[in-house]
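> So the sequence lines, in the order shown, correspond to chains A and B. Going by the numbering used here, the first residue of the first sequence is number 1, and it counts up by one from there. Going by the numbering used here, the first residue of the second sequence is number 1001, and it counts up by one from there. Structure provided below as structure tokens; questions to follow.
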Amino acid sequence: MAKHAIQLSKKKRTKYRFQKLKMCKKCNRYSVLKDKACPECGSTFMGIEGLAHSIFKKRLFTEAIRILILVCIGIIAAPTVKALYLSLITGMIFVIVYIILTFAFIKSEYFTELKKILRVDLRKIGAGIQFDSDLALEDVREEKLAAAYEKLREIGDLIYSDQVKMRRVMVLNDIVLRRDMELELESLIPSSYDKDFVKYALEVLKINRALFTKKCIAYFIHYRDAVIRDFGIESLSAVAGTTLRMKLYILEFSEFIEEFLEYFPKDRFLRLCNILQANPDTDWGSLEERAKRLVEMKYHYDPDFKRFVS
Amino acid sequence: MFKFTVYRKVNMSKNFFLLILVILLAVVSVKIIMAHQKIATYNEAVRLYKSGQLVAAEEKFHDAKLNISVSDHNKDINLMLSILSPIREVMEDIDGKAADYNKENDLESLVSMYERWQESQKKWVSGTSVQKDMYGEMVALTQIDQDMKGYFSSIKNSYLDKLENGTVDGISVEEEIFNLLNKIPTEYYGKGLNAKTTKIQTAFQKYYEAKINKMVATKSVSAVVDEGNRQFSALRGLSMDSDWLEHALDKNLLKVVKAAIDKKDFNAFAESATTIKKLEANMNGTDVFTYIEEATSELLAKAESLTAANKYENAISIYEALKPLEDTAELIAKANLAWDKYEPIRVLERLYPGKEFSNVVKESNRWGADSVVAAISTDGGIYYGRLTGEEAMAVTEGSVEGATVINKLAFQSSLSTSDFPVLYFDAKSSERKHHYLAYEVRAGSMVKILDVEADQLTVDSNHVLLVDNPFGEGEGEIAYFEPDGNGQYQFTEIKVDYVDIEVEDIANYFGKKVRFTAFADTLQNGGALVTLSETFNDSTGQWEKTYALLKGETHFIVYQNFTVIGMFNSYEDIIDENGESVRVPVFQVEEVE
């Protein structure tokens, strides 16, 4: 099947992931998509922070009403005119003081409210995201891959489930990946072996090696046998080559690098040698020894490696 | 709960409490308004109380008390209401209930309301000045005095009208009306201690009088008596005076019995008297009873006198009429016995109910009997009956022989040679004017002793019969018949029936058959004028004559003597030779010899 060439929009970024959440006041449905209006009823979504503020205000109003109700009950129960007016005045003062005090603690009140929303409406939020996911799935069926991926990407920002990750990977495997795309890799690592993910990761490796992080390398190492079975030793060698990107990775995965040292192309091996030489105080373990031996055996004649030959 | 988001729940909660608040605010508003109203009402009530308008003040205090929004001034309000409200409530309650009871015609309850009012009035008028003033205002407000007067007057008048119109039926209703009228308080009957009693008694008296008068007008004594008894009992029941009733009944009933007596309607009298006696227990000693006793005695005396005068039928009718009053059975039996003796044919008629008696003759105290009767029935039977004492009638029967139509029947004992009763018949004759028959009753049988047809028959002397123109022997003459050895009458000889006289004596034989010889002077007035006497009157110097005029079928010739038989039986006016009118005796000539 031919891959689709699509244009992905830029990812909307928020300070906190929860800030992506919004709710349709009419349908009472949560969503994490970028849509401004509810696809069901057409009314405008309200962001979770705005919602928290709104709820806070309503709570404050309700509390004021409750106090006024008490005042009213007091007035109704007042046996004399004097008691009646005393109840009225006292109640009014109480309401005003309560409002002022509540406003004084508005920030903490806001966070309390936010936490409460997230805790209490957890299932509703889940249901909303599930609905978003279904929309994305529908887009996939209709081959609106860009829209589907964008939706899954937004969902994925909030949900770290294998299902979402796998869906995203599946969509990504169907499109032509380009370097200008805001691709992700680490966030898509599943908790178990996934052939599609490996496929996508190897594709990303070709486009943007920088996206191959420690976790990703560790995933390949962990499932090296399955990877070799499905994609061959070259793919694993390429991954090993990627680990040479950073000194830390080399230290972390020195054994893995040792296994594929002989398969490295000259430039990658040269980079390793440079790093090893540049950090003589670092304990590289057997890697350093093997690298020296390989230089002596394979590249002792190469002028680029001359400085490494003692 | 899972269905709603926090936002939705908060929203719902807000709306719910907002709704409650709105409702409570409405209630609060009402309470505030009512609280102010209560204060205002209280202030108004105090102002009215101070200005002496107690009823209005009580109303305001009451309104303020009913306003339970706040309890301000409640103590004061309760204090004022405890003084004022009982008066208003009681007065309004009495007024309202009295109106209801009046509508329902519940007099008893209405009276109880009146008594309650009077008690309350007594209490409050003698109470504090506030109570007195409040009571006065309530009276003016409810107009209870006028209402009560109206109710009781209306009820009183309605019952009095009922009595006046006579639309009351039965003692129970009368008692009910009496009790109801008595229940109406005295003050509504006018002033005076006895006004009520007098009014009620007068009304009832008029009512009863009207009833009695109505009954009297219908002329039904039994109705009057029944009504009288009913009224006596009613008056006793009502503890009312009944003298007037006694008097009225006495007067009217006396009129009735007197009228019956005056009309000689003894049946009506007896019937009325018997009926009236039902009133004796209530009217003992009144004039009507005295009159009835007197009239009864008089009637019995009258019947007795009628019996004595042989007017048995009238006497018996009186006795019969008085039967209901007196035991007249014996008197009737006596009268009937006397009547039978007086008219013994009645006995025969009773003994022979199928017979019709065409000729009857009776005698009393003859032939050893109190009464005897002889009768001929239309079928030719002869009956002779005799009554003695109280014995049954002894009847001897026979039959008429040779005669069909009997014109006359009589006892002719003179025909009997043995003083037996003789039945003498004058029957129709085919040959002569009469057919005379006589039967002698001898020891239970009848024996014919006379059988002659003649123009006339007279008993000349003892056992001698003078028979005019008998059929058979003595025909054309007046003949004598005398009994033979068996007592049966037979022809014996002819009888001369005139008297020979001188013509001058004719004036002495008026109506008697005579024979004389006279000289006919002149013919005048259809007869022959005979000079009886001739005398000279010195004073007038003229001859004065007396005459007799002979008249008859005979042709008289002047200046001849005629021997004539006839009778002087009239007078006639003639013109004498002096030309004067003279009245002369007329001799009717029967025969000229």
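Cβ coordinates follow ideal geometry from the N, Cα and C atoms, glycine included.
Label residue 1461 of chain B either buried or exposed according to how many other C-beta atoms from any shown protein chain fall within 10 Å of its C-beta, with 16 as the threshold for buried.
With fewer than 16 other Cβ atoms within 10 Å, it is exposed.
> How many Å lie between residue 1001 of chain B and residue 122 of chain A at the Cα?
Note on residue 1001 of chain B: pLDDT 45, under 50, position unreliable in the model; the coordinate value appears next. Rounded to whole angstroms, residue 1001 of chain B to residue 122 of chain A spans 13 Å at the Cα level.
> By DSSP, does residue 1036 of chain B sit in helix, in strand, or in coil?
helix
> Please confirm whether residue 72 of chain A has its beta-carbon closer than 7 Å to some beta-carbon of chain B.
yes
> If you follow the alpha helix (DSSP H) that residue 1221 of chain B is in, where does it begin and where does it stop?
1221-1237
> When Cβ atoms are compared, which residues of the segment 22-51 of chain A fall closer than 7 Å to chain B?
23, 25, 28, 51
> Closer than 7 Å between beta carbons: that is the criterion. Which residues of the segment 120-132 of chain A meet it against chain D?
Of the protein chains in this structure, namely A and B, none is chain D.
> Quick one: what's residue 1490 of chain B bridged to in DSSP?
According to DSSP, residue 1490 of chain B bridges with B/1482.
> At which residues does the beta strand (DSSP E) containing residue 1054 of chain B begin and terminate?
Premise fails: residue 1054 of chain B lies in the alpha helix (DSSP H), 1054-1066, not in any beta strand (DSSP E).
> Spell out whether any CB of chain B is found under 7 Å from the CB atom of residue 90 of chain A.
no
> Who are the near neighbours of residue 1522 of chain B in its chain, counting only those whose CB is closer than 8 Å to its CB and skipping five residues on each side?
1528, 1529, 1558
> Which bits of chain A does residue 1594 of chain B rub up against, with CB to CB less than 7 Å?
No information on residue 1594 of chain B is available, as it lies outside the stretch 1001 to 1593 that chain B covers here.
> Just the Cα atoms here: how many angstroms apart are residue 4 of chain A and residue 174 of chain A?
About 6 Å.
> Anyone know if the C-beta pair for residue 1292 of chain B and residue 1273 of chain B falls short of 7 Å?
Yes; because the gap between Cβ atoms is below 7 Å, this pair is in contact.
> On the DSSP letters alone, give me the boundaries of the beta strand (DSSP E) that residue 1386 of chain B sits inside.
1381-1387
> Strictly below 7 Å CB to CB, what residues from chain B border residue 190 of chain A?
Going along chain B, no residue has its Cβ under 7 Å from residue 190 of chain A, so there is no contact; the nearest lies around 30 Å.
> Is there a Cβ of chain B sitting closer than 7 Å to that of residue 61 of chain A, yes or no?
A Cβ of chain B is located within less than 7 Å of the beta carbon of residue 61 of chain A.
> Between the segment 103-122 of chain A and chain B, which residues of the former have a C-beta closer than 7 Å to a C-beta of the latter?
116, 117, 120, 121
> Check for me: the alpha helix (DSSP H) holding residue 89 of chain A runs from which residue to which?
Residue range 81-104 is occupied by the alpha helix (DSSP H) that includes residue 89 of chain A.
> Can you look up residue 8 of chain A in the DSSP assignment and give me helix, strand or coil?
coil
> Quick check on residue 1022 of chain B: buried or exposed, where buried means 16 or more other Cβ atoms within 10 Å of its Cβ?
exposed
> What span of residues does the beta strand (DSSP E) with residue 1198 of chain B cover, start to end?
First-last for residue 1198 of chain B: 1195-1218, but that is the alpha helix (DSSP H), not the beta strand (DSSP E).
> What did DSSP end up calling residue 1567 of chain B once you bin it into helix, strand or coil?
strand
> In the DSSP assignment, the alpha helix (DSSP H) including residue 1150 of chain B goes from what residue to what residue?
1144-1165
> Could you give the residue range of the alpha helix (DSSP H) that holds residue 1397 of chain B?
Run containing residue 1397 of chain B: none in the alpha helix (DSSP H); it sits in the beta strand (DSSP E), 1394-1399.
> Count the other CB atoms within 10 Å of the CB of residue 1555 of chain B; is the residue buried (16 or more) or exposed (fewer)?
exposed
> Report the start-end ranges of each alpha helix (DSSP H) in the segment 153-202 of chain A that is 4 residues or longer and not cut off at the edges.
162-173
> For chain B, check one thing: does any of its Cβ atoms lie closer than 7 Å to the Cβ of residue 81 of chain A?
Residue 81 of chain A counts as touching chain B.
> Looking at the structure shown, is residue 1309 of chain B part of a helix, part of a strand, or coil, going by DSSP?
coil
> At a CB distance below 7 Å, what residues from the segment 1058-1082 of chain B approach chain A? Give them in sequence order.
1070, 1071, 1072
> If I follow the unbroken beta strand (DSSP E) through residue 1366 of chain B, where does it start and stop?
1357-1366
> Between residue 1349 of chain B and residue 1172 of chain B, what straight-line distance do the alpha-carbon atoms span, to the nearest angstrom?
59 Å
> Are the C-beta atoms of residue 1046 of chain B and some chain A residue less than 7 Å apart?
no
> Could you tell me which chain A residues have their CB closer than 8 Å to the CB of residue 1039 of chain B, listed as they occur along the chain?
81
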